[in-house]
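What follows is a set of notes on a single structure, which appears directly below.
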Amino acid sequence: MEYKMLFSPMKIGNCEIKNRIVMSPMLMGFGQFDGCTTEQLMDYYEERAKGGTGLIMTEITRINDKHGAAAFAQLGVSHDYQIPGLTEFANRIHKHGAKLFVQLHHPGRQNVGLAIGTVPLCIACTRICKKFPKMLFGMAPKLAPFLEKHHLTKKAVSASACEPAYYANSPVRALSHKEVKQVIQQYVDGAVRCKKAGVDGVELHGTHGYLIQQFLSPNTNHRTDEYGGSFENRLRFVREIIEGIRRECGDYPIVVRLTIDEFYEKIGKPGKGYTMEEGVKYAKAIADMGVDAIDVSSAGYDTFNYWLEPTSFDCGWRKYLAAAVKKEVNIPVIAANL
Numbered sequence: 110m111e112y113k114m115l116f117s118p119m120k121i122g123n124c125e126i127k128n129r130i131v132m133s134p135m136l137m138g139f140g141q142f143d144g145c146t147t148e149q150l151m152d153y154y155e156e157r158a159k160g161g162t163g164l165i166m167t168e169i170t171r172i173n174d175k176h177g178a179a180a181f182a183q184l185g186v187s188h189d190y191q192i193p194g195l196t197e198f199a200n201r202i203h204k205h206g207a208k209l210f211v212q213l214h215h216p217g218r219q220n221v222g223l224a225i226g227t228v229p230l231c232i233a234c235t236r237i238c239k240k241f242p243k244m245l246f247g248m249a250p251k252l253a254p255f256l257e258k259h260h261l262t263k264k265a266v267s268a269s270a271c272e273p274a275y276y277a278n279s280p281v282r283a284l285s286h287k288e289v290k291q292v293i294q295q296y297v298d299g300a301v302r303c304k305k306a307g308v309d310g311v312e313l314h315g316t317h318g319y320l321i322q323q324f325l326s327p328n329t330n331h332r333t334d335e336y337g338g339s340f341e342n343r344l345r346f347v348r349e350i351i352e353g354i355r356r357e358c359g360d361y362p363i364v365v366r367l368t369i370d371e372f373y374e375k376i377g378k379p380g381k382g383y384t385m386e387e388g389v390k391y392a393k394a395i396a397d398m399g400v401d402a403i404d405v406s407s408a409g410y411d412t413f414n415y416w417l418e419p420t421s422f423d424c425g426w427r428k429y430l431a432a433a434v435k436k437e438v439n440i441p442v443i444a445a446n447l
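The opening position of the sequence shown corresponds to residue 110 in the working numbering, with each subsequent residue numbered one higher.
Next up, the structure:
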């Protein structure tokens, strides 16, 4: 198979990229409690830039410490003190001619109980005792199951109170209307920090079952206010994030990573979420909001094998989803696992 355009330059919004090779976002666990960059994290990504990658997407980067931390060793854009490290990170990537986008993330119901509400405490403890992270990681394998068994963990949050996601066992509560507005603003604030740091753009993580997808999916969104119910209302959460970033950051590049098919029929639960037909409609609607690219993926924790697929799956098995989106939009489309 020939990829005639693979090494030709392209633009995502006003960002010119030297080729069409994109490093997909993957959590590496090289961060730290306070969300700042580390040498290990920057070294890892810089090697990919040296190798010729045109665009590097960071791993999931939290915008909320309280109920939005998906891991302890995670990158963050929730505080201004994280900006200098991001600036150094971007400079190291730029040195090799690559561009850097930060993936803004909130896990919603797909969170691990031990991480909910404890990150601010862990940050404070680490300032007092530098050995605290090592101590916590040593205790976590026994501590987390104990807390979950005795219902001592805080509830995860989502668009609505709903069942816990597969693998994430915490009970789930609905975000209040006030909290929804706060989280929207936290996404916007995260993008502002990225722009100030010299990062080239942001990606909103709206796939793999995380919070943005939880607002889009009728499986997890049962709200009766303006953020739930109709197709348009379920889009409102991501729409207001995009509008807020545009208002604060101007023509700063925005990519949305989007689940096109939740694949509930593959686990014997047809009609529970949304399928490709509605997923493509979401992609078109989001493109019409003025974003600069759609990054196509699929599924969520409940349908785990269809986003973190086994090696038995054919290479590029989901490219038909990207092709369906490309027919409907006039902006770049990114496809994983080709």
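Backbone N, C-alpha and C define an ideal beta-carbon position, used for all residues, glycine too.
Is the shortest distance between the beta-carbon of residue i and the beta-carbons of chain C less than 9 Å?
i	result
LEU184	No chain C is part of this structure, which consists of one protein chain only.
Look up residue i in the DSSP assignment and say whether it is helix, strand or coil.
i	result
HIS317	strand
LYS159	helix
MET166	strand
ARG332	coil
ILE440	coil
LYS127	coil
GLN183	strand
VAL364	strand
LYS120	strand
MET137	coil
MET151	helix
Return yes when the Cβ of residue j is within less than 9 Å of the Cβ of residue i, no when it is not.
i	j	result
GLU168	PRO134	yes
GLY140	ALA199	no
LEU320	SER285	no
GLN212	VAL311	yes
ASN328	ALA277	no
LEU164	LYS208	yes
TYR410	TYR275	yes
GLU352	ALA392	no
ALA300	TYR361	yes
THR333	ARG366	no
According to DSSP, what are the bridge partners of residue i?
i	result
LYS208	LEU164
CYS145	Bridge partners of CYS145: none, in fact.
ALA283	SER267
TYR213	Per the sequence shown, residue 213 should be read as Leu rather than Tyr. Looking at the DSSP assignment, LEU213 forms a beta bridge with THR170 and LEU313.
MET114	Answer by DSSP bridge pairing: none, since MET114 is not bridged.
**Message:** Report the start-end ranges of each alpha helix (DSSP H) in the stretch 367–415 that is 4 residues or longer and not cut off at the edges.
**Reply:** 385–397
**Message:** Tell me whether the stretch 386–401 and the stretch 329–338 touch, counting them as touching only if at least three CB pairs, one residue from each stretch, are closer than 8 Å.
**Reply:** no
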